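Using the numbering used here, the first residue of the sequence shown is number 9, and each one after it goes up by one.
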Amino acid sequence: MKTLIIIPYYGVWPEYFRLFIESCRNNENTLDICIISDIKPPLNLPSNIKFINYSFEDLKTLISKRIGLDIPQIVPYKLCDYRPAYGVIFNDLIDDYAFWGYCDIDLVFGNQSFFLREDILNSYDIISFKKGHLQGPFTLFRNTEYINNLFKYGDYYKVVFTKTEYCSFDEFGPNLFYIYIKSKEEIIELPNDNISVIAFKKELVNKIRIYNEQHVKEELSTKEILIFKNGCLVDYKTNKPYFFFHWVLDKRNIWFRYPKWGKNPPDQYFITSSGFYSCKSISILRILHYKNILIGLTQWWLLKTTNYIKRRVGIDVVLDTYPKIGWVKRLK
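What follows is the structure, encoded as structure tokens:
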């Protein structure tokens with residue numbers, strides 16, 4: 009039972025895009041990927057990735073037509089808010105699929121068939137591997153009229169879709185509700201300002217079934233190591249498998265590095281909180297890993313000191329340190 013992942017993407021391909029592509033190649037029998045973009049596709053794509061050439065302006069027109077709302081002038085990142093509506097927006101693409109969904113590209117997949125088993129696909133209407141909420145980086149929806157239009161429940165989508173700023177409608181809205189609620193029953197009292205609350209409310213009244221267990225990794229401690237081998241992604245010490253690793257947090261560290269592997273990433277590599285490594289020896293890996301962190305920490309404290317001086321004398325800061333040791337963000 010194959011599924012279709014829909015990814016609109018505009019701008020330039022990130023330097024890590026080949027890592028994502030090759031992890032999709034290892035899952036050709038599980039997922040099809042449709043990338044909608046006006047950027048020239050990379051060469052040597054796997055059979056399960058197809059590109060549709062579509063300009064950003066044409067896509068906004070399509071969204072307005074399919075949703076029935078006037079879409080304001082938005083930036084591509086705002087498309088994340090429209091993700092729960094992809095079953096309506098791209099209804100002509102999903103006819104032959106039992107499930108459709110979306111995902112980010114700053115991640116590498118493990119062995120998807122281990123998680124997207126027939127018993128899971130047959131038993132649930134929505135599948136997300138981040139416990140507590142439906143996840144923007146990857147969520148699947150059963151291709152039915154009811155599920156495809158679930159985002160319309162409560163009409164809050166009309167507010168979100170006509171705003172220019174990102175509202176996290178594809179995840180948890182303006183509040184991290186899943187942190188402070190003590191039971192799912194409390195969700196009934198929450199506003200319908202995100203797809204997670206909407207879906208969980210429907211689950212509570214037995215309208216839909218949701219698979220929502222933790223099988224992804226989004227941040228590594230200094231000591232943690234993942235190994236990608238033979239299309240599988242596992243914890244090096246425990247051998248625990250993961251559906252994917254999403255470096256959304258680790259990439260904020262000044263010491264995080266992407267590999268220079270070009271078009272052919274190795275069949276086996278390691279991932280730590282400092283980046284990607286193809287070394288054969290775990291001892292060498294640890295030496296390189298801690299060396300990069302030490303160099304990065306030195307750079308971070310130097311940057312923090314330099315920025316302090318710049319602000320004191322009225323010079324603009326371009327790369328800022330925030331709020332965790334090691335994290336940086338570009339201001340301009």
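Positions of the beta carbon are idealized from the N, C-alpha and C atoms, including for glycine. Just so it is clear, the structure is predicted and the values come from calculations on it, not from any experiment.
When you compare each of Glu193, Lys190 and Val205 to Glu179 by their alpha carbons, which one comes out closest?
Val205
Enumerate in chain order the residues of its own chain whose CB-to-CB distance from Val168 is below 8 angstroms, with the five nearest sequence positions on each side excluded.
Asp89, Cys175, Phe177 and Asp201
If you follow the alpha helix (DSSP H) that His297 is part of, which residue opens it and which one closes it?
Ile290 to Val321
Could you tell me the boundaries of the alpha helix (DSSP H) in which Leu257 lies?
Careful: Leu257 lies outside any alpha helix (DSSP H) and carries neither H nor E.
Considering just the uninterrupted stretch of the beta strand (DSSP E) at Arg150, what are its terminal residues?
Element bounds for Arg150: Phe146 to Arg150.
Just how far apart, CA to CA, sit Lys318 and Asp324?
Taking the straight line from one Cα to the other gives about 7 angstroms.
Given a cut-off of 8 angstroms, decide if Tyr105 and Asn151 are closer than it, judged by their beta-carbon atoms.
yes
Suppose only complete runs of 3+ residues qualify. What are the beta strand (DSSP E) ranges in the region 187-263, listed by chain order?
Runs of the beta strand (DSSP E) lying entirely within the region 187-263, each at least 3 residues long, are 218-220, 234-237, 240-243 and 252-254 in chain order.
Would you check whether the ligand GTP has a heavy atom nearer than 7 angstroms to the C-beta of Leu311?
By its list of ligands, the structure shown contains no ligand whatsoever, and the ligand GTP lies outside what it can speak to.
So, are the CB atoms of Leu372 and Ile14 less than 8 angstroms apart?
Not covered by the structure: residue 372. The range shown for the chain is 9 to 340.
If you draw a straight line from the C-alpha of Leu124 to the C-alpha of Thr38, how long is it?
In a straight line, the C-alpha of Leu124 is about 8 angstroms away from that of Thr38.
Among the candidates Asn272, Asn119 and Lys209, whose CA atom is the shortest distance from the CA of Cys240?
Asn119
For the beta strand (DSSP E) containing Asp328, name the first residue and the last one.
Counting along the chain, the beta strand (DSSP E) containing Asp328 begins and ends at Leu327 to Thr329.
Let me confirm a value: Gly95 is counted as buried when at least 16 other C-beta atoms fall within 10 Å, else exposed. Which label applies?
With 16 or more Cβ atoms within 10 Å of its Cβ, Gly95 is classed as buried.
Of the choices Trp108, Leu51 and Ser136, whose alpha-carbon is the least far from that of Phe251?
Ser136
Is the beta carbon of His254 sitting closer than 8 angstroms to the one on Asp114?
yes
Going by DSSP, name the residue or residues bridged to Pro16.
Ile44
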